[in-house]
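Trainee: A single structure is presented below for examination.
Protein chains in written order, with the working numbering: chain A, 1 to 398; chain B, 1001 to 1398; chain C, 2001 to 2398; chain D, 3001 to 3398.
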């Protein structure tokens, strides 16, 4: 088939009036949608056998946690993906609805233990397993499967850094070399070509989206980048911990993991690459009395002669074609509530009181753009579907 | 047009693998999705000129409140409806995003004053204006417009009862006679045929869904129906009131409007009709520290010889074909969190400690099934589209 | 000692202008707070050697939970009690501040294991251990110690009922006979004379305070008493459970323990005693997104010829001399926020829409009047001090 | 009178075993309650007639707001102060309980309009009126009254700066010269001698307490002091605003007043004085979904050769004698929950990831140490009573 696959995506000002259906990017027509059970990379190309209305089979490993259930929630209205496999070792044999009754209206298979999973029937896998358990499991998957891994296990390209911060040997060093870091807007082409995507952490997503372009353009200094971040509690997952009880979280705030949070090397890896030189940041996360939402308030020194207007203009231009990254009009303050439940990231920049400094704010939903939403965005690209498919649900406010 | 319109809807166990597109109910095929550019009211009838992908034009009156913004949020992914008109008298001339930044990615017209609105270009209208202002405005709309009114102004069939509870004369007595009460699952055929639907209140929705079928079947007594209801704060709207400040609501609970809440006559109207005899209920609403969500805990006396199993079976059967009303498996307790942001209602029944009594629980999102979601569900039917179109977004948890 | 001790207490309208200091009730010093009733005092040393300003030594068993820390919080400003012993088996050797940093300014001994505790140096003990572990431990304490037990282990007078509801044999049957049920306002004289007080549960406190007097006076029917109760999460304690995570509790409500909550037999025990006949209630607790606070909304049938005014008058009269139980003026709705952090209970009654029925509301802070505050109130009485000593901290709002 | 008044206060390690009664600082005995300063109200006046147990009469101007009600809450257990006058113009004639039912158990006079207030019967006044209305009112008070003003009207010593930030002329320029800035721990002697104290703002309190000593000792640089502050909503008061509705605040975070918050000049005034040179800070406040509590996370550059240990040691030494300022042990992270409802400030310092930088955190309850508690602390000193009187209520957690 001659139709070249386009990497372009829908510009924000020209949203389709028709619903996004299950069609391949660039194919232009809904009818030619192509089939076949043995679906892999080539299939979405020359022979394109997927027929109209037929869906890609998706597996979710670790479906009983919050990122897993969020994948299921979002895929419920996805035009092209269909969940046919879910694993959860401690809940094997149970329905997802017994664990997450909010998903009871879904027609889903029962969960199985990962060792009992039949991967021959799925085309792509979202891996929502805990950090540290994931490397071996992904290494054991059939090589034709597309994989988006939501754990931290493949995010750090430097294996030594991984071993230092995670205090354990890396379990899949060869696979690490293939892993593509899936911050979609900053790494789209590599994601399209990837077989294994390491889905970014929530803090790194909210921080790199505004900072990487500014560092790349040398509009800000790499010295004294100070990041005061605030996160909802869902980032800590669903496991029972005293410190995450309602009574311990409600009506208060506290910092945690000061200087030691494991997202630090991931943040610095991305910023250093953008700046083409080693960047060290100050990063202090705070736990907030909210389930979802994340704000990074970032204090930076502008480069000589650079103004707030320059920063705003550069970011606006950089993201103007992006559906999910919105640089707000001047003066409008980002609120986490305004992206809740959605895949959007809102960004703005403000002049600081100290001359030459700027304040950059970015907000996301930590479970969506900071985890499961971006994972689907990446899988859409890897499968050659519309990048926004299944992700245009609007933020829920109030 | 020969094609008889069906009142059937998608059974839950056979959800479509294809996305719901913009097609008319009963037309049988997605391909025949109708003709012609010049789409106006007649099109949705005999000559059905709507072409594939073409959308119906929708107006939202009172877009700057929570029910208005919720209509906009939900319609953003609706396959058939497109908002082309929004009014907000005090915000006339402004963009919706200036009032609700969470909707900034939408491509919408600016808001206008209702008196400046051009209704000739819209096919249907959601009226989200405050109680008391709505009767005159709707009476002045072109008669070809389909209207779903989210206020209380047309809910009470007995004009005298309206005047007694609302302490003002009714402003559109003739129109009242045409108004159809839009509790969709209980009144579907009338909604389909309606031009003006009075969308139910949130409490009445959560209460009538389980009670009306049980009263109709005489499975419960009409005596001593005690309803202890709990609501999120968004039901009070966005206007600034001391009693709805964060500091006044957070970390506490209180009853309000004891015996005097204006939803009482609406509840009793529906239950009396179902029971074919006057029903008086005890109804005590409580304000909860949550933005969305509503639970009605209903204490009833079962009829002689009736068991909990009978209630569960009757409700299960009554709603088995409904997408949005789910009778939970025995013993599973409804949580408001499990329907948050969605159009679902979860119901269950429990045996009481006092012999012969039962406890019925139902949960909804007060802004969706209790307001804007049900309004869209009704408009879908009035426009002859799939009832579930645009409403299959799953509940958001956590 | 000749000084006859009075059981009277300070009327609300004549609050002392002097601070409550560390004096025995009835000792005549500092305001001559009144005599009467013979009252032995062996527990506090045979010869009653306590001098003005000297404090009683108190032990807290199970200091690392919420009720334990609440005892410590409240005793920090108690004029007569001083904590000299704290136990916490899993935190033995640690300071309380390491577990509860909010108490860091207190000058307290480190916690020890209960088996290592030296009880010879304390005069009274608050037992904040989990249900089921308490009977044996209290049975092993020196018999001269005054004990207030905050667990459920001694609340049910009928050992068989205990064994049925708690599904385990009672471990201290003899001691059970001595245990006095410590709902202070309803059982004051027995508490004064007690050596071991079973401190009531939170729900039973909020329910019996208004209902027992009305049942005793036969002003309400014992049939169809329907209690819809709402509680903050702190009642569930500090142990890590998935269901009590912030993400699981915030922004939602759900019932739990329907018909099976272990407070049911305690409630029915008290109400049956008041009514002098078996009372069975409908009791449905709900979990609320708040840390503290409890509301019981109680739906009752009034006796023939009884009016709301009668109920209000009877309760007002019954509690007019009580510091901690306030019957609100007619029409004022109780809010849990208005008793937060305090030992107060607010009550009111409302006419129902169903003729002959009434709605009774009572609110408390589940950790204070529902647990640690009432425990101190009881210990004050047992030690012959002012009942209100250390408990006049006002509710914290907002 | 010969008895020299001491400015010393109770060291933390030697808390009194006796309750703090109504006695003057330094007099050593409870019986001799007695004065010094010229003071009307005969009891406290020339002939020293105040007897044990007699209380000072206090007025609260603006009692119907949150800082006013908080004064009332805290004074309820104050051993020496008694409220005999309350004003609230719009609620004149009403009881405080009608506005704040949580204070219903207090025996208080009804509120009057400020113009109708009889100031001849009070010894001290807390002024809780809105910014901008206070200058004229205080200027009109009898000159013998001690006044603590909780508004911002007298905080800025430079009248021009006041006029610039508040955009209005100063209404009491002469009085401004007498006003003492009441950050108690940093300005104690001046407070003792003051007649009019300008009670600090909440942000300035939380920021100056740790920063002023470090700047004074030149342990940190005055360049690039970056303050990311987080506040509960009660700081915004009780007036009805859309932006403070529960639905707008819950489950989210947002910055506000970026670079323009009126606490900036107050912060810089204090820090500049401590540093003896102009200091400009970056200050970004964030609104949190909590009613009470404030955290300032402060990012600073240490002076050459200075270590984290130096900062910790300096602050520990500086505050070791203070009851209300607690420098936490190394590594312990401050939580706002741990000071909730109390007059305590918790502080700690942490090494940053960027070499040479430190992170300083301080937490307070914005309504207590950040407003009404510190006001009482100041009034205690102005009246020559124990500084901690009425303020030893412990933080409420959970």
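Cβ coordinates follow ideal geometry from the N, Cα and C atoms, glycine included.
Quantities reported herein were computed from a predicted structural model and do not represent experimental measurements.
How about residue 1222 of chain B and residue 1279 of chain B: are their beta carbons less than 9 Å apart?
Mentor: yes
Trainee: So, at 7 Å on beta carbons, what are the nonlocal neighbours of residue 172 of chain A in its own chain, with the 5 sequence-adjacent residues on each side left out?
Mentor: 135, 136, 138, 139
Trainee: Taking 9 Å as the cut-off, decide whether the C-beta atoms of residue 2126 of chain C and residue 2198 of chain C are in contact.
Mentor: no
Trainee: Tell whether a beta-carbon distance below 9 Å holds between residue 3082 of chain D and residue 3055 of chain D.
Mentor: yes
Trainee: Note the first and the last residue of the continuous beta strand (DSSP E) segment covering residue 299 of chain A.
Mentor: 294-301
Trainee: Find the nearest neighbour of residue 376 of chain A within the set A/112, A/391, A/273, A/298, judged by alpha-carbon distance.
Mentor: Closest in alpha carbon position to residue 376 of chain A, among A/112, A/391, A/273, A/298, is A/391.
Trainee: Touching or not, the stretch 1297-1314 of chain B and the stretch 2261-2278 of chain C, by the rule of three or more beta carbon pairs under 8 Å?
Mentor: With the cut-off at 8 Å, the stretch 1297-1314 of chain B and the stretch 2261-2278 of chain C do not touch.
Trainee: Closest Cβ-Cβ distance between residue 393 of chain A and chain B: below 9 Å?
Mentor: Closer than 9 Å: yes.
Trainee: Whole beta strand (DSSP E) runs in the stretch 3121-3191 of chain D with 3 or more residues, listed along the chain?
Mentor: Scanning the stretch 3121-3191 of chain D for uninterrupted beta strand (DSSP E) segments of 3 residues or longer gives 3124-3127, 3146-3149, listed from N- to C-terminal end.
Trainee: Quick one: does residue 302 of chain A have its CB under 9 Å from some CB of chain D?
Mentor: no
Trainee: Check the Cβ of residue 3329 of chain D against every Cβ in chain A and list those closer than 7 Å, keeping chain order.
Mentor: Simply none; closest approach about 15 Å.
Trainee: May I ask you to verify whether the stretch 288-296 of chain A touches the stretch 345-362 of chain A, counting CB pairs closer than 8 Å and requiring at least 3?
Mentor: Below 8 Å, enough C-beta pairs join the stretch 288-296 of chain A and the stretch 345-362 of chain A to call them touching: three or more.
Trainee: Please identify the residue among C/2374, C/2387, C/2114, C/2311 whose C-alpha is closest to the C-alpha of residue 2217 of chain C.
Mentor: C/2311
Trainee: When DSSP labels each residue in this structure, what does residue 3249 of chain D get in the three-state scheme?
Mentor: helix
Trainee: Contact between the stretch 279-288 of chain A and the stretch 2227-2244 of chain C is defined here as three or more beta-carbon pairs at a separation below 8 Å; is this criterion met?
Mentor: With a cut-off of 8 Å on Cβ pairs, the stretch 279-288 of chain A is not in contact with the stretch 2227-2244 of chain C, counting fewer than three such pairs.
Trainee: Tell me the rounded alpha-carbon separation between residue 1253 of chain B and residue 2108 of chain C.
Mentor: Note on geometry: alpha-carbon atoms of residue 1253 of chain B and residue 2108 of chain C lie some 35 Å from one another.
Trainee: For residue 2207 of chain C, does the three-state DSSP call read helix, strand or coil?
Mentor: helix
Trainee: Going by DSSP, which residues form a beta bridge with residue 3283 of chain D?
Mentor: D/3227
Trainee: Based on DSSP bridge pairs, tell me the residues matched to residue 1351 of chain B.
Mentor: B/1358
Trainee: Output, in sequence order along the chain, the residues in the stretch 373-390 of chain A whose CB is closer than 9 Å to any CB in chain D.
Mentor: none
Trainee: Using CA coordinates, which residue listed in A/71, A/89, A/206, A/337 is at the minimum distance from residue 185 of chain A?
Mentor: A/206
Trainee: Taking only beta carbons into account, state which residues of the stretch 270-295 of chain A come closer than 9 Å to chain C, listed in chain order.
Mentor: 289, 290, 291, 292
Trainee: If you drop the 5 nearest sequence neighbours on each side, which residues of the same chain put their C-beta closer than 7 Å to that of residue 110 of chain A?
Mentor: 93, 94, 95
Trainee: Is the beta carbon of residue 234 of chain A closer than 9 Å to that of residue 103 of chain A?
Mentor: no
Trainee: Can you tell me which of the three DSSP states residue 3308 of chain D falls into?
Mentor: helix
Trainee: Residue 1271 of chain B and residue 1374 of chain B - do their beta-carbons sit closer together than 9 Å?
Mentor: no
Trainee: For a cutoff of 9 Å on Cβ pairs, would you count residue 2106 of chain C as touching chain D?
Mentor: yes
Trainee: Consider the Cβ of residue 1224 of chain B: report whether some Cβ of chain C lies at a distance smaller than 9 Å.
Mentor: yes
Trainee: Are the C-beta atoms of residue 1238 of chain B and some chain D residue less than 9 Å apart?
Mentor: yes
Trainee: Quick check: residue 2178 of chain C and residue 2194 of chain C, are their CB atoms within less than 9 Å of each other?
Mentor: yes
Trainee: Using the Cα positions of residue 3128 of chain D and residue 3228 of chain D, report the straight-line distance between them to the nearest angstrom.
Mentor: 27 Å
Trainee: Please classify residue 3210 of chain D: is it buried, with 16 or more other beta-carbons within 10 angstroms of its beta-carbon, or exposed?
Mentor: Here residue 3210 of chain D is buried. Its C-beta has 16 or more other C-beta atoms within 10 Å.
Trainee: Find the residues of chain C that neighbour residue 1255 of chain B, judging by a C-beta separation of less than 7 Å, and give them in chain order.
Mentor: Residues of chain C with a Cβ closer than 7 Å to the Cβ of residue 1255 of chain B are, in chain order, 2297, 2333, 2361.
Trainee: Might you give, ordered along the chain, the residues of its own chain that have their beta carbon closer than 6 Å to the beta carbon of residue 2009 of chain C, omitting 5 neighbours on each side?
Mentor: The predicted position of residue 2009 of chain C is uncertain, since its pLDDT is 31 and thus under 50; a value taken from the coordinates is nonetheless stated next. Same-chain partners within the cutoff: 2387.
Trainee: Below 8 Å on the Cβ atoms is my guess for residue 2196 of chain C versus residue 2149 of chain C; work out the distance and round it to an integer in Å.
Mentor: Correct: roughly 7 Å between the Cβ atoms.
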